[in-house]
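Visitor: Input: one structure, supplied below.
Chains as they are written, first to last, in our numbering: chain A, 10 to 149; chain B, 10 to 149.
And the structure:
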């Protein structure tokens with residue numbers, strides 16, 4: 010069944026629009042601060058597990074594998090609310106983050122600011138303190 | 010020049026990692042409320058124009074075209090801060106949104122909540138008031 014644009018945008022049926030790889034984009038924000046913690050992807054199974062369990066599951070494009078956020082690090086995400094966007098190809102989850110979201114040890118993956126620098130563009134660190142040492146946490 | 014994962018994650022060089030279509034994911038949040046307004050994409054030119062102008066530019070995958078946010082509707086986004094994520098394939102912009110971000114007339118594209126409903130999953134409207142009537146704004 011093909012849904013019309015109107016049904017997808019104005020309807021209340023959950024009809025995620027997966028891309029050619031079977032994925033939707035998932036944005037996780039900190040439920041308290043509103044900061045974006047990470048941008049990742051979910052396939053159908055990750056979506057269903059996230060909804061059913063209330064814990065964030067993703068699909069890794071590089072590893073081609075489903076993963077529960079925090080399964081290695083213990084830094085899980087409890088989902089406070091999940092929202093779907095207008096064309097149903099992106100989800101936004103507001104989460105309670107245990108520890109740090111980023112594999113580099115930072116609270117958020119977005120620990121660098123983009124600064125115009127004359128003709129070029131540079132990054133600078135911001136909120137870049139490490140909450141854990143990735144060498145220790147992922148060494149197993 | 011191929012950068013190492015360490016350089017990409019810990020360096021201060023702006024080296025966006027474009028996908029096969031030449032795009033990075035862009036998440037726009039409201040600088041005041043922290044709400045996610047929209048998820049879209051930027052190509053190299055959209056990134057450069059956004060950085061240079063301080064106004065959000067995107068690349069539409071469906072229309073295969075660069076667009077300045079608000080060029081049809083007047084609902085522009087002034088960029089307060091842009092951040093890059095760890096692997097440099099996603100940017101987060103905190104914006105001052107004029108009017109509504111969503112083409113359906115809502116402030117945010119994420120105007121529906123995902124609710125587990127027994128075996129199924131349903132959506133429900135939340136913050137779904139229309140700030141404009143798309144029929145009027147886009148009728149040209």
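We treat Cβ as the ideally placed atom computed from N, Cα and C, and that holds for glycine. On a predicted model such as this, the values are computed, not experimentally measured, just so you know.
1) Could you check whether the Cβ of residue 113 of chain B sits closer than 8 angstroms to any Cβ belonging to chain A?
2) Please classify residue 21 of chain A as buried or exposed, where buried requires at least 16 neighbouring CB atoms within 10 angstroms.
3) Would residue 134 of chain B be called buried (16 or more neighbouring beta carbons within 10 Å of its own) or exposed?
4) What does the Cβ neighbour count give for residue 78 of chain A, buried or exposed, with the cut at 16 atoms within 10 Å?
5) Considering residue 56 of chain A, what are the terminal residues of the alpha helix (DSSP H) in which it resides?
6) For a minimum of 4 consecutive residues, which ranges assigned as the alpha helix (DSSP H) are wholly contained in the stretch 71-140 of chain B?
7) Listed from N- to C-terminal order along the chain, which residues in the stretch 22-34 of chain A have their beta-carbon within a distance smaller than 8 angstroms of any beta-carbon of chain B?
8) In this structure, does DSSP put residue 145 of chain A in helix, strand or coil?
9) Just confirm the distance between the C-beta atoms of residue 113 of chain B and residue 111 of chain A, as a whole number of angstroms; I'd bet it's less than 8 angstroms.
10) Express the C-alpha separation of residue 89 of chain B and residue 37 of chain B in angstroms, rounding to a whole number.
11) Just the C-alpha distance for residue 39 of chain B and residue 103 of chain B, rounded to the nearest angstrom, thanks.
12) Residue 62 of chain B: buried (16+ other C-beta within 10 angstroms of its C-beta) or exposed?
13) Could you pull out every residue in the same chain whose Cβ sits closer than 7 angstroms to the Cβ of residue 85 of chain A, ignoring the five residues on either side in sequence?
14) If you check the beta carbons only, do residue 82 of chain B and residue 76 of chain B fall under 8 angstroms apart?
15) When you compare the CB of residue 140 of chain A with every CB in chain B, is at least one pair closer than 8 angstroms?
16) Which residues of the stretch 32-56 of chain A have a Cβ closer than 8 angstroms to any Cβ of chain B? Give them in chain order.
Guide: Taking the coordinates as given:
1) yes
2) exposed
3) exposed
4) buried
5) 53-62
6) none
7) 22, 23 and 34
8) helix
9) With 8 angstroms as the limit, residue 113 of chain B and residue 111 of chain A do not qualify as a contact, their Cβ atoms being about 33 angstroms apart.
10) 11 angstroms
11) 6 angstroms
12) exposed
13) 64, 78, 79 and 107
14) no
15) no
16) 34, 36, 38, 42, 43, 44, 45, 47 and 48
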